[in-house]
Amino acid sequence: MLILGLESSCDETAAAVVECGRAVRSSVVASQHALHEEYAGVVPEIASRAHVEAVLPVIRRALHEAGARLHDVGAIAVGHRPGLVGSLLIGISAAKALAWSLGVPLIGVDHVHAHLYAGLLAGRAPSAARAESPASLPGAPPAPALGLVVSGGHTSLYLVRSAIDLTRLGATIDDALGEAFDKAATILGLPHPGGPNLDRLAASPGADDRAHRFPIARLSPDSLDLSFSGLKTALLYAVRGQPGRGEHGPQGYERTEAELSPERRRDLAASFQRAAIDAVLLKLARALDRFEDLAGAPCASLVTGGGVTANSLLRRELARVAVERRLPLILPPHELCVDNAAMIAGLGYELLRAGRVADLSLAPVPTTAC
Ligand code: KG4
Ligand code: ZN
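Mind the numbering: the sequence shown is residues 119 to 488 in this note's numbering, read in order.
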């Protein structure tokens, strides 16, 4: 069965065709990065307008690349939470119109849960690397699993009993990890989107990730929540000086990022990245240590997803943790780490099989409680 997935929760308009929840037949993503670059962040009103313009061409291209017609589609899945309300509304409206006119089921999908499904997909997204039939694909990861989502809007740990049965164990209490990377990149004078640029700079020859000691938020001894705002402020002070401690610049700071030497900028990027990833690894280790008490069974696999799982240091560290803990690791390929609609269509298939379909009252939910 083919499912058409739609994703418009933030600044990417995406559509994908996925067969039986696993084999990606097409995955098209129209990014709005260029539109938001001058604001160093996503402007909601600009994002919604760009979704309106992109949604139909993106759907047409996804169908074309899949070699499918609208009437071949058996259901429409759409990310309906969480996200920017105006952006979500565009994808949801398109999905409702399609489901109603085709007479097929409509499925509302949680975007954050879908990130944990991305690593289970295979097919030809977006390069024609692996064209497999659903029957030849490996099964679901052993359960219960520990899930880690690290994205621009979310940083959460989950107890994953199945793709559609997830309990959140902890989450960031302030910035998401990707948001912290993006803001850190701005503080260092790197262009938007900051995360990948900071990753690249931190990986450049000679970068010393111990050059600067940044704080890691532990919170209470058994907390599985995370916090990145102190780390971000520490970087701001390291770059500009602490306000009130010396000569005053225009905003009370001593220096600007333009005064950083290339070596110091590189070392600060590497040190920030090391501290941010260590903060995630600390909570991951805590969650693994406590997993059996929380789940009533030992952890059987580690499932990860979200834009920051594209980060080179995090990928290496997750692989190391998986080997040390003897756990299978589900880590999406780069193109499926960031926002895409294949993960929405994939998880949509599982929800459909469980009978969890929506009706035309499906509404955007900006925040997530699960
Ligand atoms: O999952 P995603 O596409 O959107 C949300 O659901 O939020 O994640 C986007 C985030 C951005 O903050 C971006 O800077 C970050 O993922 N990101 C990275 C890397 N690639 C993307 N952060 C650090 N290193 C990377 N290589
Ligand atoms: Zn996302």
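All C-beta atoms in this analysis are idealised placements derived from N, C-alpha and C, irrespective of residue type, glycine included. A quick note: this is a predicted structure, and the numbers were derived from the prediction, not measured.
At least one heavy atom of the ligand KG4 lies closer than 8 Å to the C-beta of residue 270.
When the beta-carbon positions are compared, residue 229 and residue 282 stay at least 9 Å from each other. Short note on residue 128: C-beta closer than 8 Å to some heavy atom of the ligand ZN. Secondary structure of residue 264 (DSSP, three-state): strand. In terms of Cα proximity to residue 269, the closest of 298, 260, 263 and 276 is 298. Where residue 121 is concerned, there is no enclosing alpha helix (DSSP H), although the beta strand (DSSP E) around it starts and stops at 120–125. The residues 139, 281 and 282, in chain order, have a CB closer than 7 Å to that of residue 468 in the same chain once the five nearest residues on each side in sequence are set aside. Where residue 334 is concerned, there is no enclosing alpha helix (DSSP H), because DSSP gives it neither an H nor an E.
Taking 9 Å as the cut-off, the beta carbon of residue 163 is found no closer than this to the beta carbon of residue 148. Counting every other CB atom within 10 Å of its CB across the protein chains shown gives residue 414 a total below 16, marking it as exposed. Here the distance from the Cβ of residue 192 to the nearest heavy atom of the ligand ZN is not below 8 Å. Short note on residue 237: C-beta not closer than 8 Å to any heavy atom of the ligand ZN.
C-alpha of residue 233 to C-alpha of residue 278: approximately 13 Å in a straight line. Among the bridge pairs identified by DSSP, residue 137 is matched with 120 and 141. In this chain, the beta strand (DSSP E) harbouring residue 199 covers 191–199. In this structure, residue 316 has its CB closer than 8 Å to one or more heavy atoms of the ligand KG4. In the three-state reduction of the DSSP assignment, residue 383 falls in the helix class, which pools H, G and I.
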